[in-house]
Structures are given as C-alpha cells and as structure tokens.
Amino acid sequence: YHDEEIENCIKKAVMFIENKQKNDGSWYGTYGICFTYGAFFAMRGLVAAGRTYENSQSIRNGCEFLLSKQFSAGGWGENYISAETEAYADAGRPHAVNTAWAMLALIYSGQTKRDPTPLYSAARQLINMQLETGEFPQQEHVGCFSSNFLFNYPNYRNLFPIWALGEFRRRLTASKD
1 YHDEEIENCI KKAVMFIENK QKNDGSWYGT YGICFTYGAF FAMRGLVAAG
51 RTYENSQSIR NGCEFLLSKQ FSAGGWGENY ISAETEAYAD AGRPHAVNTA
101 WAMLALIYSG QTKRDPTPLY SAARQLINMQ LETGEFPQQE HVGCFSSNFL
151 FNYPNYRNLF PIWALGEFRR RLTASKD
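Going by full-length UniProt numbering, the first residue of the sequence shown is number 1, and it counts up by one from there.
Written as structure tokens, this is what we have:
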C-alpha cells in the first residue's frame with residue numbers, strides 16, 4: 001500500500017467517526033453498553049489518527065460528555081437501557097468496566113496532562129472495587145446486541161480496569177520524568 005492510500009483511508013475513517021458523534025458529544029456504541037463504550041473506541045480511533053484535545057472539537061466534546069457523566073465518587077455507570085433508548089441512562093452506581101472505558105478515553109485524549117483530578121477519582125473508585133482475589137466484581141451486563149440482547153464478556157471485568165489503571169500509572173510516571 002502507498003502512504004497516500006493509507007492517509008486517504010484514515011481521513012475517511014475520521015470523517016465517519018466525527019459524523020457519528022451526537023450533539024451531546026457522545027457516540028452510540030454497539031456490542032457494549034453503550035455511550036461509554038462508544039466514546040472509548042471513537043476517541044481512541046481519533047487519537048490514533050492524529051487528533052488531539054487541542055486540534056479536535058470531537059475529542060473536546062467527547063471529554064465534556066464523559067466528564068459530565070462521572071459520579072461524585074469518581075466512577076461511571078451506564079444502564080443497559082441506553083442501548084434500547086439510544087439516550088444515555090445513568091445506572092445509579094459505578095461499574096468497573098464503564099469506569100475503565102471512560103478513564104481510557106480520557107487518558108488517550110490527554111486528560112492526565114490537562115487535569116488528572118477526575119482520573120485520580122476514577123482510579124480510587126476502581127481500586128476500591130477490586131476484590132480480595134484481585135478480580136473485579138461481576139456487575140451488570142456490559143454487552144448488548146441488537147439493542148435488547150444483553151450478555152457479559154467474562155474477561156472485561158478484569159481486563160479493562162487493569163488496562164485503565166496501568167495506562168494511568170504509566171502516564172503519571174511519564175509526566176514526572
């Protein structure tokens with residue numbers, strides 16, 4: 001493949017992601033619950049394509065959306081009904097996987113450098129959720145197919161919180177160097 005072909009493909013993909021963003025700064029996510037999941041993947045894709053908080057209104061809007069949904073204790077929790085109604089629905093309590101997805105989206109968008117306070121709160125929430133075994137709790141469903149078929153990915157509850165905490169630690173360590 002030629003560089004020009006790759007660049008054109010990336011430009012089209014970025015336009016697609018940006019055009020799918022809702023007015024509130026969110027993205028509807030399929031296969032995961034739902035807007036938190038969509039924001040994580042959309043923002044990660046935009047960053048991979050060279051977008052940053054500074055040069056992308058979509059990323060800024062995505063950050064504002066996520067930060068507006070953070071619970072005062074630091075976590076995020078989205079209800080499965082979001083997938084059916086296509087509107088964000090608060091679960092009323094934090095969910096380890098939702099918290100990790102939101103953290104990762106914010107980390108990749110540079111939140112650690114702008115203001116790490118929301119990430120410290122989220123990290124504390126995840127640390128407090130961890131079980132004595134080292135696992136994270138099995139909570140409400142994190143997967144959804146066709147807006148109404150709910151399921152769990154058994155490894156998500158451990159994989160994403162570890163990933164988020166590891167990325168946060170790595171970014172904090174890098175910023176001290």
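Quick reminder that beta carbons are idealized off the backbone N, C-alpha and C, glycines included.
If you draw a straight line from the Cα of isoleucine 162 to the Cα of glutamine 130, it comes to about 10 Å. The count of Cβ pairs closer than 8 Å, one atom from the region 30-39 and one from the region 53-66, reaches three, so the stretches are in contact. About 6 Å separates the beta carbons of glycine 45 and isoleucine 17, which is inside the 8 Å limit, making them a contact pair. In this structure, alanine 96 lies away from phenylalanine 35, with their beta-carbon atoms at least 9 Å apart. Take lysine 20, set aside five residues on each side of it, and the residues of its chain with a beta-carbon closer than 6 Å to its own are Trp27, in chain order. Shown here, glutamate 78 sits in a strand according to DSSP, grouped into three states. Of Ile10, Ala89, Phe71, Gly50, the smallest CA-CA separation from threonine 99 is found for Phe71.
Collapsing the DSSP output to three states places aspartate 90 in a strand.
The DSSP-derived three-state label of arginine 51 is coil. Exclusion of the five residues before and after glutamine 139 leaves His95, Ala96, Val97, Arg157 as the residues of its chain whose Cβ lies within less than 8 Å of its Cβ. Taking the Cβ atoms as the reference, tyrosine 53 lies roughly 33 Å from glycine 134, outside the contact range of under 8 Å. About 17 Å separates the beta carbons of serine 56 and threonine 112, which is beyond the 8 Å limit, so they are not a contact pair. The Cβ-Cβ distance between phenylalanine 168 and alanine 105 does not fall below 9 Å. The Cβ atoms of lysine 69 and alanine 102 lie closer than 9 Å to each other. Taken in chain order, the whole beta strand (DSSP E) runs of length 3 or more contained in the region 102-145 are 143-145. Around the beta carbon of arginine 51, 16 or more other beta carbons lie within 10 angstroms, which makes this residue buried. Cα atoms of aspartate 3 and cysteine 9: separation of roughly 10 Å, rounded to the nearest angstrom.
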